[in-house]
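>
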Amino acid sequence: GESVGLHLPTLSVQEGDNSIINCAYSNSASDYFIWYKQESGKGPQFIIDIRSNMDKRQGQRVTVLLNKTVKHLSLQIAATQPGDSAVYFCAENGMDTGRRALTFGSGTRLQVQP
Amino acid sequence: ETGVTQSPTHLIKTRGQQVTLRCSSQSGHNTVSWYQQALGQGPQFIFQYYREEENGRGNFPPRFSGLQFPNYSSELNVNALELDDSALYLCASSLAGGHEQYFGPGTRLTVT
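Laid out in structure tokens, this is it:
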């Protein structure tokens, strides 16, 4: 079936470095891709999204890149801080049968070393 | 934090029992989606409610059911609980047709 997956289960970086989290997706019909951050004991928190007709979008310290040719999505975090430590999920959101449901990958844990 | 609230925070039930989880959506949001998140996994879509009716369902059996009320709040009911139902249950609210979904903190269900 259609799925969204991640390449690396755990990513460890030094404080101040840039982080790159990758994601592969398989549903070419999805029109939105979203990155969520989930801290321990909390629900997923929206970080940034990108529409399928774009290839790059920037937010505050974060950039999402979309490569539709190879069905690949990445999240770049600049100057990673200890507060960025969390599990990051990519999700695809497609208008399927009139409703929007998110399909999540299994997540990447980002560990920021001080 | 989002304006989505869920209750209870934690719950322990015995196999075979029934459980009801509750969710209040963010102000102005008329659509509620429920997700199940097993430990170490990404959330899995259970179903979505819009205008008090189920508006799409994931790969979950009929013993998972729900309700949406006129104020857009929602309930998730699970009958005949199984050990594998132990998970974090997340509620997300959104505008109809909108792609941004805002999640609550979840209810941690443990089935023994």
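Residue numbers (the numbering used here), protein chains in the order written: chain A, 18 to 131; chain B, 152 to 263.
Every residue, glycine too, gets a C-beta built ideally from N, C-alpha and C.
Every value quoted in this text rests on a predicted model; they were computed, and no experiment measured them.
I'd like the span of the beta strand (DSSP E) that includes B/E204, first residue to last.
First-last of the beta strand (DSSP E) with B/E204: E204 to R208.
> Using beta-carbon positions only, say whether A/K88 and A/S43 come within less than 8 Å of one another.
Result yes, Cβ atoms of A/K88 and A/S43 sit closer than 8 Å.
> Is the beta carbon of A/S36 within less than 7 Å of some heavy atom of the ligand PLP?
For the structure depicted, the ligand PLP is absent and the ligand set is empty, with no information on it obtainable.
> In chain order, what residues of the same chain have a beta carbon less than 8 Å from the beta carbon of B/E203, not counting five sequence neighbours either side?
If we look at B/E203 and ignore the five residues flanking it on each side, its Cβ neighbours are L218, Q219, F220 and P221.
> Given a cut-off of 8 Å, decide if A/E32 and A/T97 are closer than it, judged by their beta-carbon atoms.
Yes, the pair counts as a contact, with Cβ atoms nearer than the cut-off.
> What separation, rounded to the nearest whole angstrom, lies between the Cα atoms of B/R173 and B/G249?
Taking the straight line joining both Cα atoms gives about 22 Å.
> Since A/P99 meets chain B, which of its residues come closer than 7 Å, beta carbon to beta carbon?
The premise fails here: A/P99 is roughly 20 Å from chain B at the closest Cβ pair, so nothing lies under 7 Å.
> Looking only at C-alpha atoms, which of A/G100, A/I94 and A/T120 sits nearest to B/N210?
Checking every option, the nearest Cα to that of B/N210 belongs to A/T120.
> Is any beta-carbon of chain B found at less than 8 Å from that of A/R117?
Yes, contact with chain B.
> Leaving out five residues before and five after B/D236 in sequence, what residues of the same chain have Cβ atoms less than 7 Å from its Cβ?
If we look at B/D236 and ignore the five residues flanking it on each side, its Cβ neighbours are V229, L260 and V262.
> Under 8 Å between the Cβ atoms of B/E233 and B/T171?
No; because the gap between Cβ atoms is not below 8 Å, this pair is not in contact.
> I need the DSSP call for A/D66, collapsed to helix, strand or coil.
A/D66: strand per DSSP, three-state reduction.
> Following the continuous beta strand (DSSP E) through A/K141, name the residue where it begins and the one where it ends.
No statement about residue 141 of chain A is possible, as the shown extent of chain A runs from 18 to 131 and does not include it.
> Answer yes or no: do B/V155 and B/S184 have a C-beta to C-beta separation smaller than 8 Å?
Cβ atoms of B/V155 and B/S184: not closer than 8 Å.
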